[in-house]
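In what follows, a single structure is set out as structure tokens and then discussed.
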Amino acid sequence: MSVRVRIAPSPTGNLHIGTARTAVFNWLYAHAKQGTFVLRIEDTDEARSRPEYTDNIKSGLEWLGLNWDEGPFFQTQRLDKYQAAVQTLIDKGLAYPCYCSPEELDELRETQKAQNKAPGYDNRHRNLSDEDKQKFEAEGRKPVIRFKIDSDRNISWQDSIRDTVSWSGSDLGGDMVIARAAEGDESYGQALYNLAVVVDDIDMNISHVIRGEDHIANTAKQILLYEALGAEIPVFAHSPLILNTEGKKLSKRDGVTSIDDFRKMGFLPEALVNYMTLLGWTFPDSTKEIFTLDEAAAEFDLERVNKAGAKLDCDILDLINSQYLHELPADKLTDLFFPYWKEAGYEVDKIDRAWLEKLAALTAPTLNRLTDVIKETSVFFEDSFNYSDEAMDLLKQEGVAAVVSEIIEGVNNAESIAEEDAKALIKQVTKSQKVKKGLVMRSLRASLTGELHGPDLTQTWLLLNKLGADKTRLQQTLDKISA
Ligand code: GLU
Numbered sequence: 070m071s072v073r074v075r076i077a078p079s080p081t082g083n084l085h086i087g088t089a090r091t092a093v094f095n096w097l098y099a100h101a102k103q104g105t106f107v108l109r110i111e112d113t114d115e116a117r118s119r120p121e122y123t124d125n126i127k128s129g130l131e132w133l134g135l136n137w138d139e140g141p142f143f144q145t146q147r148l149d150k151y152q153a154a155v156q157t158l159i160d161k162g163l164a165y166p167c168y169c170s171p172e173e174l175d176e177l178r179e180t181q182k183a184q185n186k187a188p189g190y191d192n193r194h195r196n197l198s199d200e201d202k203q204k205f206e207a208e209g210r211k212p213v214i215r216f217k218i219d220s221d222r223n224i225s226w227q228d229s230i231r232d233t234v235s236w237s238g239s240d241l242g243g244d245m246v247i248a249r250a251a252e253g254d255e256s257y258g259q260a261l262y263n264l265a266v267v268v269d270d271i272d273m274n275i276s277h278v279i280r281g282e283d284h285i286a287n288t289a290k291q292i293l294l295y296e297a298l299g300a301e302i303p304v305f306a307h308s309p310l311i312l313n314t315e316g317k318k319l320s321k322r323d324g325v326t327s328i329d330d331f332r333k334m335g336f337l338p339e340a341l342v343n344y345m346t347l348l349g350w351t352f353p354d355s356t357k358e359i360f361t362l363d364e365a366a367a368e369f370d371l372e373r374v375n376k377a378g379a380k381l382d383c384d385i386l387d388l389i390n391s392q393y394l395h396e397l398p399a400d401k402l403t404d405l406f407f408p409y410w411k412e413a414g415y416e417v418d419k420i421d422r423a424w425l426e427k428l429a430a431l432t433a434p435t436l437n438r439l440t441d442v443i444k445e446t447s448v449f450f451e452d453s454f455n456y457s458d459e460a461m462d463l464l465k466q467e468g469v470a471a472v473v474s475e476i477i478e479g480v481n482n483a484e485s486i487a488e489e490d491a492k493a494l495i496k497q498v499t500k501s502q503k504v505k506k507g508l509v510m511r512s513l514r515a516s517l518t519g520e521l522h523g524p525d526l527t528q529t530w531l532l533l534n535k536l537g538a539d540k541t542r543l544q545q546t547l548d549k550i551s552a
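Right, here's the structure in full:
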């Protein structure tokens with residue numbers, strides 16, 4: 070059997086991390102089994118669907134590297150197929166028109182509530198006579214189409230993630246609505262979710278339905294529809310939900326939910342997709358936490374997906390992101406930093422590319438996210454900076470002014486400074502001032518950047534020397550501490 074999987078988002082919002090993680094598992098499974106990954110846009114909810122959300126879903130999947138092999142297919146272009154399936158079910162006697170008004174259904178729900186019964190339709194229009202139907206039609210009532218659900222049925226399937234899952238027909242809320250007439254439509258054109266999904270999954274030869282565990286009850290209903298339509302039932306796999314730090318289902322209230330949010334927070338797509346894979350799956354060698362999609366696909370199987378919900382932990386995501394950032398070559402880093410620098414107003418177009426690449430390589434190990442780049446590099450672009458309290462304390466120590474003064478002399482005597490010159494000068498000052506090398510280095514760093522900590526000092530100095538900024542800063546520091 071050839072593997073065909075799909076992701077079926079509804080374009081009622083931006084690409085959500087839960088949908089994206091489902092896409093990751095589908096992509097990995099398709100690639101693990103040399104299968105096909107289909108993209109289907111479930112846009113039948115006309116009131117809430119928007120083309121810009123479809124664009125956002127597509128570009129988000131592409132950004133994450135989750136390319137699809139077929140589609141996107143749009144449900145709104147397939148309405149005739151759903152209509153035909155509804156007719157088939159009516160013809161087989163498995164579906165029927167129900168004329169209940171919203172008020173009658175509300176009343177039913179109230180009664181059930183008062184009797185402490187689970188809400189659900191009581192199948193009251195299942196066996197209407199032709200006269201009853203004509204009477205309702207004459208009243209101008211528009212029916213919905215309900216699919217018969219046998220309450221004595223036990224529906225069970227072998228879930229690839231959860232083993233055997235069983236569901237009782239009596240817990241499915243009574244005969245389910247599968248279609249209603251669209252406005253001005255005499256046929257049952259507006260198919261509802263469960264029917265449309267099944268018709269599409271049959272039509273698109275989907276072999277494995279991999280989706281979130283919030284769909285388990287739908288799966289029970291859908292299995293009955295497969296049977297009714299005489300189609301083969303696919304393999305189901307229900308993946309765990311993504312939870313917030315409190316262990317509750319991740320929601321809009323948690324602030325970050327869409328892939329766009331994560332992109333804007335400065336995460337790299339490779340790191341995000343790597344982290345999403347870990348939300349519910351571990352590499353067979355569980356110490357391996359950094360891997361590409363292809364490496365994961367080579368090892369991926371649904372049996373290794375956890376049943377328990379997976380907590381979203383931004384600290385782990387930061388850690389993974391920083392590791393990806395540290396591995397990137399300087400030219401790629403520079404390209405990634407460019408928009409942030411420009412947004413901060415730095416005229417990077419006018420700056421020597423080799424200098425920028427050196428700066429990118431120097432600062433990348435200090436970043437967790439791309440958005441940290443300004444904090445970590447501003448001292449190289451801006452003329453003024455503040456001295457931290459600890460840097461000032463150090464600079465005010467006895468003997469430091471003499472150290473700074475001798476460094477200035479050395480810098481003034483040299484046209485430009487290369488790595489060996491920098492090291493030699495530090496050595497010379499250490500010797501002649503009779504101080505520890507550490508003090509010279511800390512004094513230098515504090516004078517150049519206003520901080521006691523930062524990336525490699527020699528490289529920092531060389532980059533500032535290229536701009537001629539080291540002399541100014543050293544002098545400015547000396548003036549400040551001698552004042
Ligand atoms: N449109 C459904 C959703 O976005 C798809 C569920 C499914 O995969 O069947 O949740």
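In the numbering used here, the protein residues as written are 70 to 552.
Positions of the beta carbon are idealized from the N, C-alpha and C atoms, including for glycine.
From a predicted model like this one, the values you see are computed outputs, not experimental measurements.
Looking only at its chain, what residues have a beta carbon closer than 6 Å to the beta carbon of residue i, apart from the 5 residues adjacent to it on each side?
i	result
G349	S308, P309, V374, N375 and A379
H100	A366
K102	V72
F305	W226, D228, V278 and T288
A260	Y151 and A248
With 7 Å set as the bound, which would you pick, yes or no: does the beta-carbon of residue i sit closer than that to a beta-carbon of chain D?
i	result
E206	Absent from the structure is chain D; it holds one protein chain and no more.
Quick one: residues in its chain with C-beta nearer than 7 Å to the C-beta of residue i, no 5 flanking neighbours on either side, listed in chain order?
i	result
N390	F336, L337, A340, N437 and R438
D272	K150
V445	According to the sequence as given, residue 445 is Glu; it is not Val. So the qualifying residues of the chain are T432, T435 and L436.
DSSP on residue i, reduced to helix/strand/coil?
i	result
E11	This structure cannot speak to residue 11, because the chain is shown only from 70 to 552.
Q466	coil
N455	coil
D232	strand
S551	helix
L108	strand
P434	helix
R117	coil
Y190	coil
P309	coil
V504	coil
N125	helix
H85	strand
A487	coil
I389	helix
Compare the C-alpha of residue i against each of the options and name the closest.
i	options	result
C169	K186, Y151, Q146 and H194	H194
A538	I550, A552, T518 and H522	T518
P120	L386, Q156, G82 and F331	G82
E426	T440, G414, F406 and I311	F406
D330	D370, C383 and V278	C383
E12	N534, E475 and E459	Past the boundaries of the shown model lies residue 12; the chain is included only from 70 to 552, so the question cannot be answered.
A116	E139, F450 and S79	S79
M345	R75, M70, N95 and A77	N95
D441	L319, I328 and M334	M334
G134	R147, L388, F106 and I110	F106
K505	D270, K419, R249 and G468	G468
L76	G87, M70, T356 and T91	According to the sequence shown, residue 76 is Ile rather than Leu. Among G87, M70, T356 and T91, the Cα nearest to that of I76 belongs to T91.
V509	R215, P166 and I495	I495
Q545	L536, K186 and S516	S516
D221	C167, T499 and G238	G238
L241	P188, E315, L428 and L264	P188
A250	V266, W132, E282 and P212	P212
I230	E372, D244 and D199	E372
V266	Y190, T180, N481 and R147	R147
N482	K357, E451 and K540	K540
Give me, in chain order, the residues of the same chain whose beta-carbon lies closer than 8 Å to that of residue i; leave out the 5 immediate sequence neighbours on both sides.
i	result
L431	P524, D525, Q528, T529 and L532
K465	I550
T233	S225, W226 and Q227
S447	A413 and F454
Q502	G468, A471, V472, E475 and V509
R511	L463 and L521
F360	N343, T346 and F352
Less than 7 Å separating the beta-carbons of residue i and residue j?
i	j	result
N274	R73	yes
I224	W236	yes
L547	S474	yes
P141	L97	no
P163	K217	The sequence as given places Leu at residue 163; Pro does not occur at that position. Yes, the pair counts as a contact, with Cβ atoms nearer than the cut-off.
I477	L386	no
A303	S276	Checking the displayed sequence, the identity of residue 303 turns out to be Pro instead of Ala. Closer than 7 Å, so yes.
T403	A423	no
A297	L197	no
N125	L84	yes
A89	I328	yes
query = Listed by chain order, which residues have C-beta atoms less than 6 Å from any heavy atom of the ligand GLU?
reply = Output, sorted by chain position: A77, P78, S79, E111, V266, R280 and H284.
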